[in-house]
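Taking it in order: structure first as structure tokens, then the write-up.
2 protein chains.
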Amino acid sequence: MSTVGKAISLLELFSVDEPELGLSDLARRSGFDKATTRRLLVALAGHGFVEQDTGTRHYRLGAGLSRLARIREARFPFLQTAVPLVRDLAALTVETVHLSEFGVDRLVTVHVEHPAWANRVNIDIGQLLPLHSTASGIAYLAFARDETVKACLTGSLDAFTAHTLIEAAAISRSMGEARERGYSICDQGYEEGVISVAAAIRGADGFALGTIAVAAPKARTTAAAIAERGLAVRTAAREVSMRLNGENLQILRRQA
Amino acid sequence: MSTVGKAISLLELFSVDEPELGLSDLARRSGFDKATTRRLLVALAGHGFVEQDTGTRHYRLGAGLSRLARIREARFPFLQTAVPLVRDLAALTVETVHLSEFGVDRLVTVHVEHPAWANRVNIDIGQLLPLHSTASGIAYLAFARDETVKACLTGSLDAFTAHTLIEAAAISRSMGEARERGYSICDQGYEEGVISVAAAIRGADGFALGTIAVAAPKARTTAAAIAERGLAVRTAAREVSMRLNGENLQILRRQA
DNA sequence: AAATAATGGTTCAAATAATGAACCGACCAC
DNA sequence: GTGGTCGGTTCATTATTTGAACCATTATTT
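Residue numbers (our numbering), protein chains in the order written: chain H, 1 to 256; chain D, 257 to 512.
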């Protein structure tokens, strides 16, 4: 692994649940030597990618990341555009709604709205979602580049529950349904007892950029509710797509 | 420079004005060899820190940065807390209001609100502000750790305009005034014809975390307007500080 | 339409930077 | 005290990064 990759994988050890980590802890989890870990942290700190708490000496993600993320957001206002619509959708459905963006080979959760229910689906910002076994993933794949789809479907796929589809043919069928319907449905494919619907947010070229999804406990979810949510999530995703691409929705037809 | 430092300095070449850059361009600006540059970009792309446009093959900042920034924001909701108050302040003053956070040795602009005026002070997200020659910088230094102040004042300081204060004594005096007043004033210290006021956002330990500032063309700015804005920016910064620290404002007294 | 000069990307011996076992001092619990 | 942490440092060994020269494409220019 390159040194750069190692440094970034240190950053990736931080999460919403564990936003501050000590040197030894980071070394242990990353598998790097303590000296190596520290060397990397110092390099990262020198550019504000991590900060060190002056009291505990623990490390946390730094302001340099916020800076770059804001620069990115200024050119590509994904959050700014989508979050209000995600909020509306959350108010409408009264279930967990999450927004994700494609990165490398997975979907990255960048925003979540939780309902007031005690029994709800909990999702953390920063969570990474596999493409083949989530409603978001299927919705994404339905409008992804062929190369992305191929990369996803070749090789063996993890089964997270007994319901996870792991055969390429079954997943392709699911993608096809999502494409026709305008939204995907994933019934406990990633976590037992959770049913989700999702729709793709698409770029000016018609390919998917990310997704909006509604996740709910299966116990209180009727087929009618699924259909209703599906239409709502489809509408929301379409609206985000249009706002992102300056209203020229005609390009949103897939150029097969 | 460490490899990690090189990779990060590649990321820092991107800005709001130039959010997409080609390989040769990046190599030229960074001063790294083309092969080195590409190697670094590939490593960064592998973790979603940069993405490559499939058409132009140009590189841009990637979703991985958004992810980490959002994880950071979840633990330390600086933007979420401050932006609404920055907006209110912009509506009130009808001048450019910007929010910044300390990083490494400078202030990082993380949010900006511009007024509708044609003649206004323009600031980009991501802009880095020096501590000694901006209203934000002085406001920050007024409540910074002694080590930070010392690090800033030792060594020679750049004069950006004929008005820039570059003697440690003068800057210290300016800091003292800011501390008493609750806000700093910087009269053309960074850019000719621009006058700004700023106040520090402070953490639970009483030390500054960042600043809120109002910047306006000097031509249309009266002494009375400065005083008024000063109080407004002070109030806004105090409010952000309190919300960030869970209302326990008593800790906000400086523990000399 | 041929020539030129960009571009993005690749290769491999040479040079440089990363590595990690052992070490230190500080702190904490027993 | 003693043993176990912790954060941090050192330096000979080792592995990775480096960059000149290279190719294939894609604009420009002549």
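Quick reminder that beta carbons are idealized off the backbone N, C-alpha and C, glycines included.
Between residue i and chain D, is there a C-beta pair that is closer than 8 Å?
i: A27(H); result: no
i: E113(H); result: no
i: V16(H); result: yes
i: G206(H); result: no
i: F143(H); result: no
i: I8(H); result: yes
i: F49(H); result: yes
i: T56(H); result: no
i: G22(H); result: no
i: S172(H); result: no
i: G203(H); result: no
When the Cα atoms are used, what is the spatial distance from residue i to residue j?
i: A159(H); j: V194(H); result: 15 Å
i: A347(D); j: P371(D); result: 8 Å
i: P19(H); j: H58(H); result: 10 Å
i: A256(H); j: A325(D); result: Its pLDDT being 31, under 50, A256(H) is placed unreliably by the model, and the measurement read from it follows with that caveat. Cα to Cα, A256(H) sits roughly 36 Å from A325(D).
i: R294(D); j: T312(D); result: 16 Å
i: D53(H); j: R331(D); result: 14 Å
i: R285(D); j: L44(H); result: 21 Å
i: R494(D); j: L487(D); result: 10 Å
i: I166(H); j: L107(H); result: 18 Å
i: A170(H); j: S322(D); result: 32 Å
i: A374(D); j: T349(D); result: 15 Å
i: D146(H); j: L345(D); result: 48 Å
i: Y446(D); j: I71(H); result: 22 Å
i: E262(H); j: V306(D); result: Residue 262(H) cannot be examined here, being either before or after the span of chain H that is shown, 1 to 256.
i: Q127(H); j: G359(D); result: 26 Å
i: E484(D); j: E228(H); result: 52 Å
i: G155(H); j: G302(D); result: 19 Å
i: I394(D); j: S440(D); result: 6 Å
Given residue i, which residues of its chain have a CB within under 6 Å of its CB, disregarding the five upstream and five downstream residues?
i: F14(H); result: L61
i: A338(D); result: L355, V496
i: S196(H); result: A135, C186, A213, A215
i: L141(H); result: L131, V149, M175
i: A283(D); result: K290, T293
i: E192(H); result: T161
i: L157(H); result: H132, I166
Give every residue of the same chain whose Cβ lies closer than 8 Å to the Cβ of residue i, excluding the five residues on either side of it in the sequence, and list them in chain order.
i: L296(D); result: T259, K262, A263, L266, F288
i: E329(D); result: L335, Q336
i: E459(D); result: For the record, residue 459(D) in the displayed sequence is Gly; it is not Glu. Once the five neighbours on either side are set aside, the close Cβ partners of G459(D) are L465, S497, L500, N501.
i: H367(D); result: L335, A338, V339, V342, H354, L355, I381
i: F399(D); result: R435, A456, R458, G462, F463, A464, R510
i: G304(D); result: G318, A319, G320, L321, R323
i: G278(D); result: T312, R313, H314, Y315
i: R476(D); result: N375
i: P333(D); result: L500
i: T109(H); result: H98, L99, S100, I123, D124, I125, G126, Q127, L128, L129
Using a C-beta cutoff of 8 Å, does residue i count as contacting chain H?
i: V360(D); result: yes
i: P275(D); result: yes
i: R331(D); result: yes
i: T352(D); result: no
i: I379(D); result: no
i: L267(D); result: yes
i: V260(D); result: yes
i: V453(D); result: no
i: V364(D); result: yes
i: A372(D); result: no
i: I507(D); result: Because I507(D) sits at a pLDDT of 44, beneath the cut-off of 50, its placement in the model cannot be relied upon, and the point is left open.
Counting only the same chain and skipping the five closest in sequence on each side, list residues whose C-beta sits under 7 Å from that of residue i.
i: Q188(H); result: T161, H163, V194, I195, K218
i: G438(D); result: A455, R490
i: I507(D); result: Residue confidence is low: I507(D) scores 44 on pLDDT, short of 50, so the model does not pin down where it sits. No coordinate-derived value is stated.
i: C152(H); result: L131, H132, L141
>> Please list, in chain order, the residues of the stretch 58 to 72 of chain H that have any C-beta partner in chain D closer than 8 Å.
In response: R60, L61, G62, A63, G64, L65, S66, R67, L68, A69, R70, I71, R72
>> To be precise: take each residue of the stretch 283 to 299 of chain D, compare its Cβ to all Cβ atoms of chain H, and keep it if any distance is under 8 Å. Which residues remain?
In response: R295, L296, A299
> Taking Cβ-Cβ distances below 9 Å as the criterion, which residues of the stretch 468 to 501 of chain D are in contact with chain H?
Replying inline: none
> Any residues in the stretch 129 to 158 of chain H with a beta carbon nearer than 8 Å to a beta carbon of chain D? Which ones, in chain order?
Replying inline: R145
> Going along the chain, which unbroken runs of the beta strand (DSSP E) with 3 or more residues stay wholly within the stretch 274 to 352 of chain D?
Replying inline: 306 to 308, 315 to 317
>> By the 8 Å beta-carbon criterion, what residues does the stretch 422 to 451 of chain D contribute toward chain H?
In response: none
>> To test your reading of the DSSP string, which unbroken alpha helix (DSSP H) runs of 4 or more residues are found completely within the stretch 430 to 498 of chain D?
In response: none
> Taking only runs of the beta strand (DSSP E) that begin and end inside the stretch 357 to 412 of chain D, which ones reach a length of at least 3 residues, in chain order?
Replying inline: 362 to 369
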